[in-house]
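Everything below concerns the one structure shown next.
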Amino acid sequence: MKTILIVDDEPRTRLGIQKTLVAWSAGRHRIESAASGVEALEWLKANTIHIIITDVRMPEIDGLQMLEMLAMRGQLPVVIVISGYAEFEYAKKSLQLGAFEYLLKPLDKSILIDAVQKALKLDSSRERLDAMEKLVDPKLLEAGRDEARYGTVIKEAISYVNNHLQETISMKQVAELMHMNASYFSVLFKEQTGVTFSDYLTRRRLQRAKELLVTTRMPIWEIAEKVGYQTAKYFIKVFKDNEGVSPSQYRHQVMDTEQSIQ
């Protein structure tokens, strides 16, 4: 359930927006309201919102000042700004602060609902990006960016690892395939990729495991086998040591985010 916060010091406008959105939402979303920027900021200390609909002209702290404060807190949701003043500077400033939409009073109900629906889609796309970012190992991403500069041997070694994750792989085995001394291969791999061979192999296996956890309903024991671990118990230990949660917990966390996007 997404939360929408309406901030307006005019009771008639505030209650009118709330009544319209409650009827439209039909219980699908939580619709809250605040009578001032001060009240909204206080409420937001203990609550999370997805969409904020705010007037720009309010006493004490106006809507634009409130958005500036939320941005400083790193809390800025998708914002719809409303105003009775058709002034370009208000619209310009609100857009600079990250507002998604600027609506003029008196509000047309259909335009308001359309703006809220679009804002919810934008919020969902943000959540999807956040979820996908959780799948990416920053070390692998960094290594991938530099891959064009790797020597032929390291490129071939990485290609072999990526294509044989399901199998038992050792550094000695890969070094021999590359016709190299294992010690020299180890130094060369770390020098070019920035990580040890063992670390790269573990990260690559866990990266693939995370992809399978999110994109399939495959059981944990089967995923363990698919990424080269002989026992689910050891796979779970390695996963938890590196990710801070078990594979099942990871799947639950990310799939929850994905379900809220549909």
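Heads up, the sequence shown stops at 262 in UniProt numbering, and the numbers go up one at a time, no gaps.
Note that the Cβ used here is the ideal one computed from N, Cα and C, for glycine as well.
Please classify residue i: is it buried, with 16 or more other beta-carbons within 10 angstroms of its beta-carbon, or exposed?
i: MET58; result: buried
i: ALA224; result: buried
i: ILE6; result: buried
i: GLY151; result: exposed
i: GLU167; result: exposed
i: ARG204; result: buried
i: GLU101; result: buried
i: ALA148; result: exposed
i: THR202; result: buried
i: LYS45; result: exposed
i: ILE111; result: exposed
i: PRO247; result: buried
i: SER159; result: exposed
i: LEU138; result: According to the sequence displayed, residue 138 carries Pro and not Leu. Exposed: under 16 other Cβ atoms inside 10 Å.
i: VAL245; result: exposed
Between the options, which has its C-alpha nearest residue i's C-alpha?
i: ILE31; options: LYS19, THR231, GLN173; result: LYS19
i: GLN117; options: THR215, ARG28, VAL238; result: ARG28
i: LEU165; options: ILE4, GLY228, ASN181; result: GLY228
i: MET72; options: LEU97, GLY194, GLU39; result: LEU97
i: LYS2; options: LYS121, VAL174, SER183; result: LYS121
i: LEU64; options: HIS179, TYR90, TRP221; result: TYR90
Taking Cβ positions, are residue i and residue j nearer each other than 8 angstroms?
i: ASP108; j: ASP55; result: no
i: PHE197; j: MET218; result: no
i: ILE51; j: ASP123; result: yes
i: LEU21; j: ILE4; result: yes
i: MET69; j: LEU95; result: no
Determine the DSSP secondary structure at residue i, reduced to helix, strand or coil.
i: residue 309; result: Not covered by the structure: residue 309. The range shown for the chain is 1 to 262.
i: SER83; result: strand
i: ILE52; result: strand
i: GLU101; result: strand
i: VAL78; result: strand
i: SER183; result: helix
i: HIS252; result: helix
i: ASP137; result: coil
i: MET66; result: helix
i: GLY194; result: coil
i: ARG14; result: helix
i: SER159; result: helix
i: TYR200; result: helix
Kindly identify the DSSP beta-bridge partner or partners of residue i.
i: ARG30; result: THR3
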